[in-house]
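What follows is a set of notes on a single structure, which appears directly below.
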């Protein structure tokens, strides 16, 4: 066991020392002048050329801008805010998807308080268009239906295995007793 350990240590020392004396395939004394760096036409080892360094591809950074929602029937165009900023305007529901991700996307908005962006949400009809611009890309949805549910029903925005947009607001206006839910699907 001790002999094997000594042999391994000796091999490591010899191998590490060889690295100091070998450069571009030739041996030289440690005090000699360093050889010129190999050019791309100089072989490092006989028959092999050094790998060329990849050239970096510079891609412009596209500033996506804020996410916006536009509902032509309601004459509404607004920024979509983070969940904690619902009082500023329409806001994402926490832990729901985003446009283009194939999941349920949920956006809530007030009807009578703050900026009341969803005041006329009850006027949406099947077939109406909703546009969301997310990360600089437009996403188009068509309203499928709307319904009123209990305020305690938090499952309206559950994942369903495909992309859909859910808009929610308290109803009737001035009350938080129920929720108006508008469901839309990606338009082709």
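Numbering (the working numbering), first residue to last: 122 to 309.
Every residue gets a Cβ at the ideal spot worked out from N, C-alpha and C, and that includes glycine.
Asked                                                                                                                    : Found
Residue 305 - DSSP class collapsed to helix/strand/coil                                                                  : strand
N- and C-terminal bounds of the beta strand (DSSP E) containing residue 286                                              : 285-292
Beta strand (DSSP E) segment containing residue 197, residue limits                                                      : 197-200
Reference residue 247; option with closest CA among 190, 202, 210, 194                                                   : 194
Nonlocal neighbours in the same chain, by C-beta distance under 8 Å from residue 210, ignoring five residues either side : 199, 200, 201, 202, 230, 235, 236, 238
Backbone CA spacing between residue 293 and residue 244 [nearest angstrom]                                               : 13 Å
Same chain only: Cβ atoms within 8 Å of residue 260, ignoring 5 sequence neighbours per side                             : 220, 221, 252, 253, 254, 307
Same chain only: Cβ atoms within 8 Å of residue 278, ignoring 5 sequence neighbours per side                             : 214, 217, 225, 227, 287, 289
Through-space distance from residue 250 to residue 262, alpha-carbon basis                                               : 6 Å
Outcome for residue 269 when other beta-carbon atoms lying within 10 angstroms are tallied against a minimum of 16       : exposed
Residue 197 versus residue 257 - alpha carbon distance                                                                   : 19 Å
Spatial neighbours of residue 109 in its chain, beta-carbon cut-off 7 Å, leaving aside the 5 residues before and after   : Residue 109 falls outside the range modelled here, since the chain spans only 122 to 309, and no answer is possible.
Residue range of the beta strand (DSSP E) that includes residue 262                                                      : 258-271
CB-CB length for residue 297 against residue 264, believed under 8 Å                                                     : Going by Cβ atoms, the distance from residue 297 to residue 264 rounds to 23 Å, so no, they are not a contact pair.
Close beta carbons around residue 280, own chain, < 6 Å, minus the five adjacent residues each side                      : 224, 225
Inter-residue spacing [alpha-carbon to alpha-carbon] between residue 242 and residue 190                                 : 13 Å
Selection from 207, 276, 188, 309 that minimises the alpha carbon distance to residue 302                                : 276
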